[in-house]
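>
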Amino acid sequence: TPGPSALLQRGCLAGHIVGGHEAQPHSHPYMAFLKVGTSFCGGCLVAPGWVMTAALSLICPQGDSGGPLVCNEVAQGIVSFGYDTPAMVYTHICNYLPWIRKTMKQRLGLDEL
Numbered sequence: 001t002p003g004p005s006a007l008l009q010r011g012c013l014a015g016h017i018v019g020g021h022e023a024q025p026h027s028h029p030y031m032a033f034l035k036v037g038t039s040f041c042g043g044c045l046v047a048p049g050w051v052m053t054a055a056l057s058l059i060c061p062q063g064d065s066g067g068p069l070v071c072n073e074v075a076q077g078i079v080s081f082g083y084d085t086p087a088m089v090y091t092h093i094c095n096y097l098p099w100i101r102k103t104m105k106q107r108l109g110l111d112e113l
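The sequence shown begins at 1 in the UniProt record's numbering and counts up one residue at a time.
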């Protein structure tokens, strides 16, 4: 079974905390920052080795794309795109849960999510 780094594009680092520190309990430890070349975006940790992001900023850099919308400590959406600051268009995660679970199971052979 391939490890998480097998799913990354060439030139990406995995398993590193860059310019930060390990999160303290209850301090938003679900946040992630992704950088590929000169493009970057935010993300939300959803399982060990898995970051959910809109990844739009890898195509069209805006910086906010992929960051989570969290309500009551549960990820409800991710920033999809925006024309102003702050970005105001979100993708509702629950609409994609079956696809997310199926993809994660297929890629890493996970039995439970």
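Note that CB positions come from ideal geometry on N, CA and C, so glycine has one too.
Note that the structure is a prediction, hence the values are computed from the model and not measured.
1. Determine the closest residue to Tyr30 out of Cys44, Gln24, Gly37, Thr38, with distance taken between C-alpha atoms.
2. Is Gln106 helix, strand or coil by DSSP?
3. Would the beta-carbon of Thr91 fall within 9 Å of that of Ile78?
4. For Leu34, count the other beta carbons within 10 Å of its own beta carbon; 16 or more makes it buried, fewer makes it exposed. Which is it?
5. Between Cys71 and Val46, what straight-line distance do the alpha-carbon atoms span, to the nearest angstrom?
6. Nearest CA to the CA of Thr103: which residue from Gly37, Met52, Ala23?
Straight from the coordinates:
1. Residue 30 sits at position 30 when you count from the first residue of the sequence shown. Relative to Tyr30, the option among Cys44, Gln24, Gly37, Thr38 whose CA is nearest is Cys44.
2. Position 106 of the sequence shown, counting from 1, holds the residue named residue 106. Helix.
3. Residue mapping note: residue 91 aligns to position 91 of the sequence shown, counting from 1. Residue mapping note: residue 78 aligns to position 78 of the sequence shown, counting from 1. Closer than 9 Å, so yes.
4. Position 34 of the sequence shown, counting from 1, holds the residue named residue 34. Its Cβ being crowded by 16 or more others within 10 Å, Leu34 is buried.
5. Your numbering for residue 71 matches position 71 in the sequence shown. Your numbering for residue 46 matches position 46 in the sequence shown. Computed Cα separation, rounded: 15 Å.
6. Walking along the sequence shown from the start, residue 103 turns up at place 103. Comparing Cα-Cα distances from Thr103 to each of Gly37, Met52, Ala23, the minimum goes to Met52.
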